[in-house]
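S.K.: Going letter by letter, the sequence shown gives residues 15 to 136 in the numbering used here. Backbone N, C-alpha and C define an ideal beta-carbon position, used for all residues, glycine too. Predicted, not measured: the structure shown is a model, and the values here were computed from it.
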Amino acid sequence: MTTIAIDAPARDPLSLVFAALADPTRRAILARLTGGPKTVGELAEPFDMSGPAVSKHLRVLERAGLVSRSRIAQARPARLEAAPLQRVADWAEEFRQFWDQRFDRLDDYLATMPDETHEDER
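#1: Taking its Cβ as the centre, do 16 or more other Cβ atoms sit within 10 Å of I43, making it buried, or is it exposed?
#2: If you reduce the DSSP assignment to three classes, tell me which class F117 lands in.
#3: Do V74 and V54 have their C-beta atoms closer together than 8 Å?
#4: Under a three-way DSSP split, which group does A218 fall into?
#5: Please report how far the alpha carbon of P27 lies from the alpha carbon of R110, in whole angstroms.
#6: Is the number of C-beta pairs between the region 111 to 131 and the region 77 to 96 that are closer than 8 Å three or more?
#7: Here's the rule: buried if 16 or more other CB atoms are within 10 angstroms of the residue's CB, otherwise exposed. What is V31?
#8: Using the C-alpha atoms, what's the distance from G49 back to P118?
#9: Is the Cβ-Cβ distance between P51 and P91 less than 8 Å?
#10: Hey, could you find the ends of the beta strand (DSSP E) A92 is sitting in?
#11: Since I believe L80 is in contact with A34 (beta carbons under 8 Å), could you give me their beta-carbon distance rounded to a whole number of angstroms?
Structure below.
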């Protein structure tokens, strides 16, 4: 009998990034980190959630490589890591090229269509 590992996608770094980005709170946390490193308390300010809840979101972001944390005295500020987002952009670029080709073909087709301008009938 063949068994399928439930966590198989977890081994794929791109899948981890997409899973982390699927949550709007985590995307908002990443947006806040574009302004520089922030502590859990600073990240929790605009959200209606506790520090431990924000920490759980940060752990998911860390597993995906989107965030790193350092220790400065008692604080552990989170910092945005760009490399995983670049991998997402590279992956999406393949699809942009696909759609650009499709739109170019549509433009070519539409250029062959007769121009039908209708004047108002009186």
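M.R.: The relevant details are as follows:
#1: Within the sequence shown, the letter at position 29 stands for residue 43. With 16 or more Cβ atoms within 10 Å of its Cβ, I43 is classed as buried.
#2: Taking the first residue of the sequence shown as position 1, residue 117 is located at position 103. DSSP places F117 in helix when its eight states are reduced to three.
#3: By 1-based counting over the sequence shown, the position of residue 74 is 60. By 1-based counting over the sequence shown, the position of residue 54 is 40. Not a contact, by the Cβ cut-off of 8 Å.
#4: Nothing can be reported for residue 218: it is not among the residues displayed for the chain, which extend from 15 to 136.
#5: Here residue 27 corresponds to residue number 13 of the sequence shown, with the count starting at 1. Here residue 110 corresponds to residue number 96 of the sequence shown, with the count starting at 1. Cα to Cα, the separation comes out at about 21 Å.
#6: no
#7: As a working mapping, residue 31 is identified with position 17 in the sequence shown. Buried: at least 16 other Cβ atoms inside 10 Å.
#8: Residue 118 sits at position 104 when you count from the first residue of the sequence shown. Residue 49 sits at position 35 when you count from the first residue of the sequence shown. Reading off the sequence shown, one finds Asp at residue 118, where the question assumed Pro. Distance between the alpha carbons of D118 and G49 is about 38 Å.
#9: If you number the sequence shown from 1, residue 51 lands on position 37. If you number the sequence shown from 1, residue 91 lands on position 77. For P51 and P91, yes; Cβs fall inside 8 Å.
#10: Position 78 of the sequence shown holds residue 92. First-last of the beta strand (DSSP E) with A92: 92 to 94.
#11: To locate residue 34, count along the sequence shown from 1; it is residue 20. To locate residue 80, count along the sequence shown from 1; it is residue 66. Indeed they touch by this definition, with Cβ atoms about 6 Å apart.
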